[in-house]
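>
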Amino acid sequence: MNYRTKRWLVNGVAYLFLTIVAIVFVFPLVWIVASSFKSGTDLASSPIALLPQHFTLENYTRVLIDMGFLTNLKNSLIVSSVTTVLTVSVSCLGAYSIVRFFPNFGRRITRVLIASYMFPPILLAVPFSLVMVKIGLVNTYTGLILTYLSFSIPYALWMLVGFYQTVPLEIEEAAKVDGAGRFAIFLTIASPIILPGIVATTIYTFINAFNEFLYSLLFMSDSSKMPVAVGLYSLTGTEVLDWGALMAASTCVVVPSVIVFMFIQKHIAAGLSEGAVK
Numbered sequence: 006m007n008y009r010t011k012r013w014l015v016n017g018v019a020y021l022f023l024t025i026v027a028i029v030f031v032f033p034l035v036w037i038v039a040s041s042f043k044s045g046t047d048l049a050s051s052p053i054a055l056l057p058q059h060f061t062l063e064n065y066t067r068v069l070i071d072m073g074f075l076t077n078l079k080n081s082l083i084v085s086s087v088t089t090v091l092t093v094s095v096s097c098l099g100a101y102s103i104v105r106f107f108p109n110f111g112r113r114i115t116r117v118l119i120a121s122y123m124f125p126p127i128l129l130a131v132p133f134s135l136v137m138v139k140i141g142l143v144n145t146y147t148g149l150i151l152t153y154l155s156f157s158i159p160y161a162l163w164m165l166v167g168f169y170q171t172v173p174l175e176i177e178e179a180a181k182v183d184g185a186g187r188f189a190i191f192l193t194i195a196s197p198i199i200l201p202g203i204v205a206t207t208i209y210t211f212i213n214a215f216n217e218f219l220y221s222l223l224f225m226s227d228s229s230k231m232p233v234a235v236g237l238y239s240l241t242g243t244e245v246l247d248w249g250a251l252m253a254a255s256t257c258v259v260v261p262s263v264i265v266f267m268f269i270q271k272h273i274a275a276g277l278s279e280g281a282v283k
């Protein structure tokens, strides 16, 4: 067996293995989407069947219109977007300041920040609840956003410090000689260079806030202000589980996220690989 044949066999086995793994991981998503178009009778009689016997949009109508799931999506988008914008803005300024003004002290700061991120959210649930009750921010977007910022900013700051450390100091010195100010250098030179890293941090922050469940469940009692994670949880019910509505709601949440990831995966990979070079 020559080298070309061996290489062809190895590549064939590798591609076959990756195809099987992809099918295993994609099948639950395909099953959820297919089940969202099944009627209640189909779900009861053949729950594991992939294709629906009777195609229907009743589940989507019930979830989006009757149950107000669009309101939950809107709430999550508002809270996640505001949290992401504030987190990335503050973290970019903080990370650049640490790298350029306090390089030695900054290393200690980042270690403390990442250490604070290691605490499980459940340990902070009671203190956060007491604080929110005292300042009157329970059942408000503001209280939820402030809570998300407390654990989003430390991790984003830690990530962005690594990215800003890859910016060559010589480029900034040359811009300073040309008369550029410190903020102009940060905004037009340093930040564009690490744009893939900022994109990766932005996406991570948004997804983390969008999927958060514990604090949303604790702070939000008004159904019109509940985010999507709590909205999905409310569909489970106490005695009877509405599988059709649950599959339709899950499809509305998961499928757009998958589509967005398909378009931005290159930016995520580029940002993570760039941040690894320190």
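Position 180 of the sequence shown, counting from 1, maps to 185 under our numbering, and the rest follow consecutively. A virtual CB, placed ideally from N, CA and C, is assigned to each residue, including glycine. Quick caveat: nothing in here was measured; it's all calculated off a predicted structure.
Could you check the C-alpha separation between Tyr101 and Trp13 for me, to the nearest Å?
48 Å
> Evaluate Ala281 with the Cβ neighbour count: other Cβ atoms within 10 Å of its Cβ, from every protein chain shown; 16 or more gives buried, anything less gives exposed.
Low confidence applies to Ala281: its pLDDT is 44, below 50, so where it sits in the model is not reliable enough to give any reading.
> Once the 5 residues before and after Asn216 are set aside, which same chain residues still bring their CB inside 7 Å of it?
Ala234
> Would you call the region 197-207 and the region 80-87 touching, i.e. three or more CB-CB distances under 8 Å?
no
> Below 6 Å, is the gap between the Cβ of Ser40 and the nearest heavy atom of the ligand MN?
Ligands are entirely absent from the displayed structure, and the ligand MN is therefore not among its contents.
> Please list, in chain order, all residues of the same chain as Thr66 whose beta carbon is under 7 Å from its beta carbon, the five residues on each side excluded.
none
> Just how far apart, CA to CA, sit Leu219 and Thr256?
22 Å
> According to DSSP, is Ile119 part of a helix, a strand, or is it coil?
Helix at Ile119.
> Contact between the region 92-106 and the region 71-80: three or more CB pairs below 8 Å?
no
> What does the alpha-carbon distance come out to for the pair Leu56 and Met267?
The C-alpha of Leu56 lies about 25 Å from the C-alpha of Met267.
> Run the CB neighbour count on Met123, radius 10 Å, all protein chains shown included, and call it buried at 16 or more, exposed below.
exposed
> Classify Thr76 as helix, strand or coil using the three-state DSSP reduction.
Here Thr76 sits in helix by DSSP.
> Classify Val26: buried if its beta carbon has 16 or more other beta carbons within 10 angstroms, exposed otherwise.
With fewer than 16 other Cβ atoms within 10 Å, it is exposed.
> State the Cα-Cα distance for the pair Ile103 and Phe110, rounded to the nearest angstrom.
Near 8 Å, if we compare the C-alpha coordinates of Phe110 and Ile103.
> Which word fits Val172, buried or exposed, when buried means at least 16 other C-beta atoms lie within 10 angstroms of its C-beta?
buried
> Roughly how many angstroms lie between the CA atoms of Tyr20 and Ile28, to the nearest whole one?
12 Å
> Please report the straight-line C-alpha distance between Pro232 and Thr61, rounded to a whole angstrom.
Near 27 Å, if we compare the C-alpha coordinates of Thr61 and Pro232.
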